[in-house]
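Which chain is which? The protein sequence lines are A and B, in order. Each residue of the first sequence is one higher than the one before, counting from 1 in my numbering. Each residue of the second sequence is one higher than the one before, counting from 1001 in my numbering. Glycine residues also receive a C-beta, built at the ideal position from the N, C-alpha and C atoms. Computed from a prediction, not measured in an experiment: that's the story for all the values here. Each remark here refers to the structure printed beneath this line.
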Amino acid sequence: MISPDRIVFDHVSVTFPTPTDMLPVVEDVSFSVRDGEFVSLVGPSGCGKTTMLNIVAGFIKPSRGSVTLDGIPILGPGSDRGVIFQEYGVFPWLTVEKNIEFGLNLRSNPRSREKRAEVCERYMRLMGLYEFRNAYPKTLSGGMRQRLALARAYAVAPQFLLMDEPFGALDAQTRTAMQDLLLEVLQKEGKTVMLITHSVEEAIYLSSRVVVVSARPSRVRCIVEVPFPYPRTEQLHENAEFLGLRSRVRDLVMREYAAQEQQTRDAAPH
Amino acid sequence: MTYANPLKKLIVLALPWICVIAAWTLLHYSGIVNPSLIPTPAQVARRFWELMSNGKLPIDMLVSTKRVLVGVVLGTLLAVPTGFALGWNRSVHVFADPLINFFRALPPIALIPLVVVYFGIGEAAKVVILFYAAFFSGVIVMYEGISQISPIYIRVARTLGATDGEIFRRVIVPLSLPHILTAVRVELGVVWATLVASELIAAQNGLGAMIQNASSFFQLDIIYLGIICIGLIALIMDLILRKVSRRFLSWQDRIAA
Ligand SMILES: Nc1ncnc2c1ncn2[C@@H]1O[C@H](COP(=O)(O)OP(=O)(O)O)[C@@H](O)[C@H]1O
Ligand SMILES: [Mg+2]
């Protein structure tokens, strides 16, 4: 049985005004994310991936076409969609625990004191932050900050997780550990996930489908099904089929990178 | 810096002051300058006890401190919302930035004649001068600070379901607190520096007035005493603010130490 579509991009285009003219950033993009699915978008930087994620997050509106959540157009940001930004966005003036608690005592979504404490403790334990619950973010490493951002997003029980190159700033070891932690958490509490990354390896390892996006303006170049069942473990990285898929997708992406480079060079003043 | 030994800490803290007092005393006795032009620390200290015991100095200190605080409080009350408006709204900034830079560049002393015409020679005139000095130095600090606040925290709060009011109270306010404290510190410095000028306006009391009256009678020890009092009160206020900053802003990467 095929799960129902939850996030649907329907012929979406976005153009931004520039001082001189209009810059088309997303052009006629259509794809959907099904319930419980993990979909990654890969493509060259500057092609318009963040713009697409920002539409789902509710920060921008498409110029043409529509993006719907369960068939309903998106009106603005909301706690049904947890967003993880590359630059973490953990609140530096709050301790680890207070960061996680932030979304739990807002008027839109109030919880009792007991419930708040329970939820905070659960996610601090799940993300390995319990010992640091009274620490301020300035004392945390990059990986811990990103775990904190994930814990804070999870605490408000969103149905969707939107992640914009969440592990891009981490070193290779931390990055792998975070990928495995994410898979583990998703195994426990499933979400419908949209992830942006420029690592093909990461996209395939984590996703059920990978959307390869073209150079700017973003179009859907192709959508690749990733056949490996969950739960996935690190052994997958050495699997021959995985490696084959990886090099196939990497070729596709490299071609778009070259196109984007050419475009940037052409746009440069002579 | 932290010192394991409290005695060592005391010495390190006192050393620069001991050096200044020693150099001052040496200068008096060296003969490089006419000794009658430089009162000794002991003379100034005697004056201090005299004016403390006849109650004049405490009143002057209190009056000046009150004027400074009123100027800083009023200046901050206006500088904070103005800084927000400038930092958040591009067109407000484009409109007001040249004006602010124009008025900020004017030395408050140059405005005294006008202030006397419009506000007379009473308490109001002095407070207006100090308010002017406080506002224009504070608003720049606020504006720079507010425009540095990263929009990402606001976005995060929105995705967690915060309303505009909640974003203001729970994100904007904590993020602007360091800038407000910095603005107050800068204002205090500028306002103490302007105090003597503001007390040029027919002041009966206050440290600035004390210094000026003393200069008419060539009472150098009182002039020295007035200057030292201004410096010390300003220093103590700054120390208190630093303590407050450290208490409330321990989350910051670098504390205004
Ligand atoms: N608000 C905006 N106004 C104008 N141009 C923008 C805006 N946001 C993004 N852009 C431009 O759109 C292009 C795509 O940006 P983005 O979606 O961030 O790309 P990616 O995330 O794929 O690197 C970039 O050239 C960027 O400069
Ligand atoms: Mg991006």
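From the beta-carbon of arginine 122 of chain A, no residue of chain B is found nearer than 7 Å; the closest lies around 17 Å away.
Here the segment 1128 to 1135 of chain B lies against the segment 1070 to 1079 of chain B, with 3 or more beta-carbon pairs under 8 Å apart. Annotation: alanine 117 of chain A has no Cβ neighbours in chain B at a cutoff of 7 Å; minimum Cβ distance is about 18 Å.
By the C-beta criterion, the segment 1094 to 1101 of chain B is judged not to be in contact with the segment 1039 to 1047 of chain B, since fewer than 3 inter-stretch pairs fall below 8 Å. For glutamate 165 of chain A, the distance from the CB to the nearest heavy atom of ligand 2 is below 8 Å. Beta-bridge analysis with DSSP links serine 66 of chain A to A:Asp10. In this structure leucine 1249 of chain B touches proline 1178 of chain B by the C-beta definition: roughly 5 Å separates them, less than 8 Å.
The beta strand (DSSP E) runs lying completely inside the segment 1112 to 1165 of chain B and spanning 3 residues or more number zero.
With 5 Å as the limit between CB and the heavy atoms of ligand 1, the residues that fall short of it are A:Phe16, A:Val25, A:Ser45, A:Gly46, A:Cys47, A:Gly48, A:Lys49, A:Thr50 and A:Thr51. For glycine 128 of chain A, none of the residues of chain B pass the 9 Å Cβ criterion, the least Cβ distance being about 21 Å. When DSSP states are grouped into helix, strand and coil, serine 32 of chain A belongs to the strand group. Close partners of proline 77 of chain A in chain B (Cβ separation under 7 Å): Arg1158 and Thr1159. At a cut-off of 9 Å between C-beta atoms, phenylalanine 85 of chain A counts as an interface residue with respect to chain B. A residue is called buried once 16 or more other Cβ atoms fall within 10 Å of its Cβ, and asparagine 1034 of chain B, having fewer, is exposed. Annotated as distal: valine 1141 of chain B and glycine 1087 of chain B, with beta-carbon spacing of 9 Å or more. Inter-segment contact for the segment 1105 to 1125 of chain B and the segment 1164 to 1172 of chain B is absent: fewer than three beta-carbon pairs are separated by less than 8 Å. Every unbroken stretch of the alpha helix (DSSP H) spanning 4 or more residues and falling wholly within the segment 102 to 128 of chain A is given here in chain order: 113 to 126.
Between ligand 2 and isoleucine 196 of chain A, a heavy atom-to-CB distance of less than 8 Å is present. Taking the Cα positions, serine 3 of chain A is about 32 Å away from threonine 15 of chain A. Segment contact: the segment 168 to 175 of chain A against the segment 115 to 124 of chain A, fewer than three CB-CB distances shorter than 8 Å; contact not assigned.
Our two residues, glycine 128 of chain A and phenylalanine 31 of chain A, have alpha carbons roughly 35 Å apart in a direct line. Using a cutoff of 8 Å, the CB of glutamine 260 of chain A does not count as near ligand 2, since none of the ligand's heavy atoms is closer than that. The Cβ atoms of phenylalanine 85 of chain A and proline 166 of chain A lie closer than 9 Å to each other.
Chain A has no Cβ within less than 9 Å of the Cβ of aspartate 1164 of chain B. Residue burial is scored here from C-beta neighbours: valine 249 of chain A has at least 16 other C-beta atoms within 10 angstroms and is therefore classed as buried.
For proline 1151 of chain B and alanine 1085 of chain B, the gap between their C-alpha atoms comes out near 15 Å. At least one heavy atom of ligand 2 lies closer than 8 Å to the C-beta of glutamine 86 of chain A. In this structure, the beta-carbon distance from valine 12 of chain A to proline 44 of chain A does not fall below 9 Å.
Spatial neighbours of valine 1070 of chain B in its own chain (CB-CB distance under 6 Å, excluding positions within 5 residues in sequence) are listed in chain order as Val1127. The continuous beta strand (DSSP E) containing isoleucine 84 of chain A extends over residues 81 to 84. Close CB contacts of tyrosine 257 of chain A within its chain, under the 7 Å cut and outside five residues either way in sequence, are with Pro44 (chain order). Three or more Cβ pairs drawn from the segment 210 to 220 of chain A and the segment 23 to 43 of chain A lie within less than 8 Å of each other, which places the two stretches in contact. Between the beta-carbon of arginine 81 of chain A and that of leucine 162 of chain A there is about 6 Å, and that keeps the pair under the 8 Å contact cut.
Each of A:Leu53, A:Ser108 and A:Ala149 was checked against the Cα of cysteine 120 of chain A, and the nearest Cα belongs to A:Ala149.
For valine 156 of chain A, the residues of chain B that pass the 8 Å Cβ criterion are Leu1160 and Gly1161, in the order they occur in the chain. By the criterion of at least three beta-carbon pairs nearer than 8 Å, the segment 1206 to 1216 of chain B is in contact with the segment 1049 to 1062 of chain B.
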